[in-house]
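Colleague: Residue numbers (the working numbering): 224 to 362.
#1: Is it right to say residue 224 is buried, meaning 16 or more other beta carbons lie within 10 angstroms of its own, or is it exposed?
#2: What do you reckon, are the CB atoms on residue 317 and residue 337 nearer than 8 Å?
#3: Within the continuous alpha helix (DSSP H) that includes residue 327, where are the two ends?
#4: In this structure, does DSSP put residue 288 in helix, strand or coil?
#5: For the alpha helix (DSSP H) containing residue 267, name the first residue and the last one.
#6: With which residues is residue 283 paired in a DSSP beta bridge?
#7: Using only the heavy atoms of the ligand SAH, determine whether one of them is closer than 7 Å to the beta carbon of residue 350.
#8: Around the Cβ of residue 327, are there at least 16 other Cβ atoms within 10 angstroms (buried) or fewer (exposed)?
#9: Between which two residues does the alpha helix (DSSP H) carrying residue 304 extend?
#10: If you run the structure through DSSP and keep just helix, strand and coil, what is residue 230?
#11: What do you get for residue 302, buried or exposed, if any count of 16 or more other CB atoms within 10 angstroms of its CB means buried?
#12: Can you grab the Cα-Cα spacing for the pair residue 244 / residue 278, in whole Å?
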């Protein structure tokens, strides 16, 4: 049986390796955020962090302001929705349309590890759409 010190040393080593992997990935994610802010405009994209980092996957997803067409489609679907399932599907679609980072395959892997991530992405997309509408005087 291992001693307490040996167990704590193993745990500390794992934590250190995880922190190093996260820091490396965060650098890549911030590069993507910087590029997307240049492309879409500062304040028109938002970073949605994962609750728990998984090595090999991004630390976040990035969402941009939806196009007016995408937001109108969502609004129409929400108005026609008869139940929570239909409302949820419409919000899920907005989140998917507005996610600009990472690619679809990587995002699917992230969702498998962080099941609540897409809800946070969808909410972020809604908030960006609301902010955009308010800025344009449509809110």
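By construction, the Cβ of each residue, glycine as well, lies at the ideal position given by its N, Cα and C atoms.
Modeller: Let me lay it out:
#1: That one is exposed.
#2: The beta carbons of residue 317 and residue 337 sit no closer together than 8 Å.
#3: Unbroken alpha helix (DSSP H) run through residue 327: 327-336.
#4: In the structure shown, residue 288 sits in coil (DSSP, three-state: anything other than H, G, I, E or B).
#5: Bounds of any alpha helix (DSSP H) do not take in residue 267, whose DSSP letter is neither H nor E.
#6: For residue 283, which the question treats as bridged, DSSP gives the partners 272.
#7: Looking for the ligand SAH in the displayed structure turns up nothing, as the structure carries no ligands at all.
#8: Counting the other Cβ atoms within 10 Å of the Cβ of residue 327 gives fewer than 16, which makes it exposed.
#9: It is not in any alpha helix (DSSP H) - residue 304 carries neither H nor E in the DSSP assignment.
#10: Reduced to three states, the DSSP call for residue 230 is helix.
#11: Label assigned to residue 302: exposed.
#12: A straight line joining the alpha-carbon of residue 244 with that of residue 278 spans about 6 Å.
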